[in-house]
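Engineer: Structure incoming, see below.
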Amino acid sequence: ELEASAVGLNYISLDGNIGCLVNGAGLAMATMDLVKYYGGEPANFLDIGGGANKESITTAFGIILEDENVEGILVNIFGGIIRCDMVARSIIEASDEIGLNVPLVVRFSGTNHSEGKQILDDCDLDVVTVSTLSDLLIFLTLPLPRSFGTQTSSSFRSERANSSRFLPSGVPMRSSSTSLASSFTIGL
1272 ELEASAVGLN
1282 YISLDGNIGC
1292 LVNGAGLAMA
1302 TMDLVKYYGG
1312 EPANFLDIGG
1322 GANKESITTA
1332 FGIILEDENV
1342 EGILVNIFGG
1352 IIRCDMVARS
1362 IIEASDEIGL
1372 NVPLVVRFSG
1382 TNHSEGKQIL
1392 DDCDLDVVTV
1402 STLSDLLIFL
1412 TLPLPRSFGT
1422 QTSSSFRSER
1432 ANSSRFLPSG
1442 VPMRSSSTSL
1452 ASSFTIGL
């Protein structure tokens, strides 16, 4: 927590297995609530804030990955002050610097979200980009591949999108013709 504070991050360790990297305390709390709703357990509260940069994002990933219980990381960014394209580049640089060895699912909304998504979709990093909060959680609460680093992003994306296992009862799964967002609305 001291390391996080030194670079302007708000971090609290929890007992779960899904690492969370989010900007804004309210969005971080809502994201953690959604993780629990979909049957997961958040490993941390981590708010990178509006002034995050490559250094603080790299530190954030490093802190999350220090937790041996983390089996996947979700990034949920609302670009207001912070630009999603800058966060995308920082994610790639952080991965190159510290090595990312768990599944990563990213949702961008707001300033330059399309550019940020495209940057991640075009990179060699094993990352899944999604457009809705519901899709974000679906990807992380299904069984995680043990050898994620050998799987391409597109095959991982396809496998996850077509799976219907391990969803809590009553939670609809998206199909190729209908997005989950259209059948399950979350007000974020």
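The numbering of the sequence shown is my numbering, which starts it at 1272 and goes up by one. All residues carry an ideal CB built from backbone N, CA and C; glycine is no exception. Remember, it's a predicted structure, so these values are computed and weren't measured experimentally.
1) Where does Ser-1448 land, buried or exposed, given buried means 16+ other C-beta within 10 angstroms?
2) Grab the span of the alpha helix (DSSP H) containing Gly-1387 for me, first residue to last.
3) Would you grab the beta carbon distance between Gly-1290 and Ile-1328 for me? Rounded to a whole angstrom, and I think it's under 8 Å.
4) Quick check on Asp-1304: buried or exposed, where buried means 16 or more other Cβ atoms within 10 Å of its Cβ?
5) Just tell me which of Leu-1371, Asp-1286, Ile-1390, Ile-1348 has its CA closest to the CA of Ala-1301.
6) What ranges does the beta strand (DSSP E) occupy inside the stretch 1312–1372, keeping only unbroken runs of at least 3 residues that lie completely in it?
7) Can you find the residues in the same chain that come closer than 6 Å, C-beta to C-beta, to Leu-1375, ignoring five residues on each side of it along the sequence?
8) According to DSSP, is Leu-1305 part of a helix, a strand, or is it coil?
9) Is there a Cβ of chain B sitting closer than 7 Å to that of Leu-1371, yes or no?
10) Can you tell me whether DSSP reads Gly-1290 as helix, strand or coil?
11) Only counting the same chain, and skipping five residues up and downstream in sequence, which positions put a Cβ closer than 6 Å to that of Glu-1272?
12) Taking buried to mean at least 16 other C-beta atoms within 10 Å of its own C-beta, is Gly-1295 buried or exposed?
13) Just how far apart, CA to CA, sit Glu-1274 and Tyr-1309?
14) For Gly-1322 and Leu-1391, I'd like the C-alpha separation in whole angstroms.
15) In this structure, does DSSP put Leu-1396 in helix, strand or coil?
16) With respect to the alpha helix (DSSP H) encompassing Ser-1402, which residues constitute its N-terminal and C-terminal limits?
17) Please look up how many angstroms separate the CB atoms of Gly-1333 and Ile-1369, rounded, as I've assumed it's under 8 Å.
18) Out of Ser-1361, Leu-1285, Gln-1389, Ser-1366, which one is the CA nearest neighbour of Val-1306?
Structural biologist: Per the coordinate set shown:
1) Low confidence applies to Ser-1448: its pLDDT is 28, below 50, so where it sits in the model is not reliable, and the reading given next is rough at best. Ser-1448 is exposed by the Cβ-count criterion.
2) 1384–1393
3) About 13 Å separates the two Cβ atoms, so there is no contact after all.
4) exposed
5) Checked all of Leu-1371, Asp-1286, Ile-1390, Ile-1348; the closest Cα to Ala-1301 is Ile-1348.
6) 1315–1318, 1343–1350
7) Ile-1344, Val-1398
8) helix
9) Of the protein chains in this structure there is only one, and it is not chain B.
10) strand
11) So the list reads Tyr-1282, once near-sequence residues are dropped.
12) buried
13) 30 Å
14) For Gly-1322 and Leu-1391, the distance between alpha carbons rounds to 21 Å.
15) Coil at Leu-1396, not helix or strand.
16) Ser-1402 -> no alpha helix (DSSP H), and no H or E assigned at all.
17) 5 Å
18) That would be Leu-1285, whose Cα lies nearest to the Cα of Val-1306.
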